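The structure appears below as structure tokens.
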Amino acid sequence: MQFDYGHMEEGHLGKPYNMRLLKRLIPYSRPYRKPIVLALALTILITLFYLAIPYLPKIAIDRYILSLWYPVNQQENQNLATEFSDRYGHLVVATEETGLGFISNAHIKQIDPGDLRRYYDRGIISKEGFYRVSAEAVNKNGVLNPEALIRGEGSSVYISGEALKGFSPDQIATLRHRDLNGLLLVGLFLLLLIGGSLVLNYWEFYLLEKSGQHMMQDIRMELFGRIQGQAIQFFDRNPVGRLVTRVTNDIENLNEMFKSVLITIFKDVFLLSGIIVVLVYLNWRLALISFMLLPVVFALTLFFSTRAREVFREIRQHIAAINAFLQERLSGIRIIQLFVQERSQLKRFEELNHKNYLASLRQIRIFAVFMPSMEVLSSVGIGLLIWYGGGKVIGEQLSLGSLVAFIGYIQMFFKPIRDISEKYNIMQSAMASMERIFGLMDQKEVIQEPAIPKRPVRSEGHVEFKNVSFSYNEGFPVLKGVSFEIKPGQIVALVGYTGSGKTTTISLLERFYELEKGDILFDGLDIREWRIGELRSRIGLVMQDVFIFAGTIAENICLGDEKTSREKLEEVSRQVNAYQFINRLPGGFSHEVKEEGVTLSAGERQLLALSRALAYDPTLLVLDEATSSVDPETERLIQDSIFRLSKRQTTLIVAHRPSTIQMADRILVMHRGRIVEQGTHEELIALKNIYHRLNLLHKPEA
């Protein structure tokens, strides 16, 4: 039973085979085509080894263990003898006696059954079996009855089975040393095949795993790069958990398909084809008897695959529900514990888990019936072989070795069928994952870089909005004809009720979204003419919700930029009054913080974010509600930093607290997507309009 590594959205299952998607894997496999082709060649070689293994017992039995020879008398019944000579004379080995030859038990099976009966009845072929031994061995053991011997060509001597019974086991071993040596060679060759298969399997597995991991690494890197390059609206519509699943679990599904399905199916199909060819070669009539069960096998496989697919879809839906439940509850664990809801949440989780348990039991039942059914069919096939083939052996129309080989091949025949049916669900999962991966790669919600980027004459943080309008959803405008200017070195505050468009204004300035109407100029250039990376490096943004990465304090300030020196880190941390708290931490700038900075206070996180914004020497500093959730002391430190930095940088502040707003040179008041008031704190208070009401709401904080 196989499960995929990630949950399936809405229980969607892919087609078990999609050539269009498989073709898209080809470019990723080209750099590793040599090891893949070598692995395929090893697969073919391993399959040939597997096909040879059941054939070796046939050789051992027919050629060495039961190596009987039957006398052929071509002097009696001349007409029939002439017919025999014309049809089957090439199968006869001559002796020193005129008109007398021998035919092996293997070659006698090539004679038509009707002809064979006539030859037996007319004395052309004797039913008495002889063994072919060396003359030296006979002389050494002193055969007492020379009449029991018939000398063949060269040093071969034929001795009847009855005469051989008079010898001791050691003497028989000496007489049949050729057969024993042949058995030894067959045994050694069998061990060589098994040992060779082990070595080849190792290299096949290694090459496939290595190639597969390289391919998955390339796909994962490209996918992450594509995701990282998407515009912000892409992330507005796609949950983080879904994107993480694409980069991790879906790609692991793809890897599982590559190493466990594509190559395995190739091997299984090649093995099945080889078995069919060998069976037909050995005895086409017996092969047809063996193939009588194939329609039943394929019908059962199709039936159980369909049932398994339905249950598999149900299991994936339950796993998706469990994942969603866990993600939500673990994210909100503080609320659950605060309201003492552990027991109720555990009960809900138990219900989800029990549904998944019941669906898994149904899958177990399906496979518990399917696997034994295949074993029963395999046993029935062997039973048919023993019944029909055994009769042919008794009638001397089939050698015992061929029957043994047939049984071995039939047992081998059912394994690839089971493998293919088991891989069916993996193939479906992988196809669904592939569809989602390439679907994500095909999404191109990116902010377009200018064909020919421009650079300003002077970099001084000059901002100008000209009649800017924008909406996230068509028909619901967020900004309506917004126009304002921030001159170099100014401190400008942007205030307004929640939903008035303040954060959207900043997002457009950063080019997180494309403008719909109007123009935004930064240092005299339209922001669409800037190279995006350079534009954003000139704007230092500090938001209310600060994200702290797992890593050191230094890594969180410079974000992995190795060009940032220790002196620079200390400089920017002193500028924003963060150096003191950093210096108190164990290890200072080398102190390890956990994800989201849970070990730091809200104020410390804000000071760290402010240091990060200044590390790249921006000409415009943007604070989006950066002081709304900090204590008064941290707010004072931030205000002091802003005042000192304003002498060399332009500052745009989005805030509610009057203490932060009042330090601004100019205040812009937004309401329902428009700039409705602007001026100094005193001028706006005197208007007794929106800003005045906002100030009254926050007066207790003042």
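In our numbering, the protein residues as written are -10 to 691.
The beta carbon of each residue, even a glycine, is placed where N, CA and C say it ideally should be.
Model, not experiment: these values are computed from the prediction.
In the DSSP annotation of this structure, Met659 is not part of any alpha helix (DSSP H); the continuous beta strand (DSSP E) holding it starts and ends at 655 to 660.
Annotation note: the segment 261 to 291 contains no uninterrupted beta strand (DSSP E) run of length 3 or greater.
The segment 494 to 503 and the segment 620 to 633 do not touch, with fewer than 3 CB-CB distances between them shorter than 8 Å. As the crow flies, the alpha-carbon of Ala348 is around 8 Å from that of His307. Using a Cβ-Cβ distance cut-off of 8 Å, the segment 338 to 347 and the segment 372 to 385 are not in contact, since fewer than three pairs of beta carbons, one from each stretch, lie closer than that value.
A distance below 6 Å between beta-carbons, with the five flanking residues on each side excluded, links Gln206 to no residue of its chain.
Scanning Val582, His96, Ser600 for the CA closest to the CA of Met532 turns up Ser600. For secondary structure counted as the beta strand (DSSP E) over 3 or more consecutive residues, the segment 3 to 76 holds these complete runs in sequence order: 57 to 62.
A distance below 6 Å between beta-carbons, with the five flanking residues on each side excluded, links Glu518 to the following residues of its chain, in chain order: Pro439, Lys443. Nearest neighbour of Leu548 by Cα position, chosen from Leu212, Arg563, Leu597, turns out to be Leu597. Taking each of Phe465, Leu676, Leu174 in turn and checking the Cα distance to Ala49, the smallest one comes out for Leu174.
One thing to note: Val452 has its Cβ no nearer than 8 Å to the Cβ of Ile480.
DSSP lists no bridge partner for Pro158. Non-local beta-carbon contacts of Gly230 in its own chain, meaning distances under 7 Å to residues more than five positions away in sequence, involve Gln316 in chain order. With contacts defined as CB atoms closer than 8 Å, Leu275 and Lys412 fail to qualify as a contacting pair.
Our two residues, Ser590 and Glu560, have alpha carbons roughly 22 Å apart in a direct line. Look at Val561 here: in three-state DSSP terms it is helix. In its chain, beyond the 5 residues on either side, Pro43, Tyr44, Pro46, Lys47, Leu271 have a beta carbon closer than 7 Å to the beta carbon of Ala394.
Secondary structure of Pro647 (DSSP, three-state): helix. Residue burial is scored here from C-beta neighbours: Asp168 has at least 16 other C-beta atoms within 10 angstroms and is therefore classed as buried. Taking Gln417 as reference, the option from Ile441, Asn242, Gly171 with the minimal CA-CA separation is Asn242.
Leu389 and Gln202 have their C-alpha atoms spaced approximately 48 Å apart.
In the DSSP secondary-structure assignment, Ser123 is bridged to Ser145.
For Gly470, the uninterrupted beta strand (DSSP E) run begins and ends at 465 to 475, by DSSP. DSSP places Thr87 outside both helix and strand once states are collapsed to three, so it counts as coil. In the displayed model, Tyr461 falls within a strand according to three-state DSSP. Spanning the alpha carbons of Gly478 and Ala313 requires a straight line of approximately 48 Å. For Asp512, no alpha helix (DSSP H) segment is defined, and its DSSP state is neither H nor E. Given a length threshold of 4 residues, each whole run of the alpha helix (DSSP H) inside the segment 90 to 121 is given here in chain order: 94 to 97, 102 to 110. Excluding its 5 nearest sequence neighbours in each direction, Lys469 has C-beta neighbours in its own chain below 6 Å: Ser458, Gly662, Arg663, listed in chain order.
Under the three-state reduction of DSSP output, Val665 falls in the strand class. Here Phe359 is not near Phe402, since their CB atoms are 8 Å or more apart. Spanning the alpha carbons of Ser186 and Lys248 requires a straight line of approximately 18 Å. For Leu609, the uninterrupted beta strand (DSSP E) run begins and ends at 609 to 613, by DSSP. Ranked by how close their Cα comes to the Cα of Leu29, the residues Gly176, Arg111, Leu189 have Leu189 in first place. Burial state of His645 is buried, judged by a 10 Å Cβ sphere holding 16 or more other Cβ atoms.
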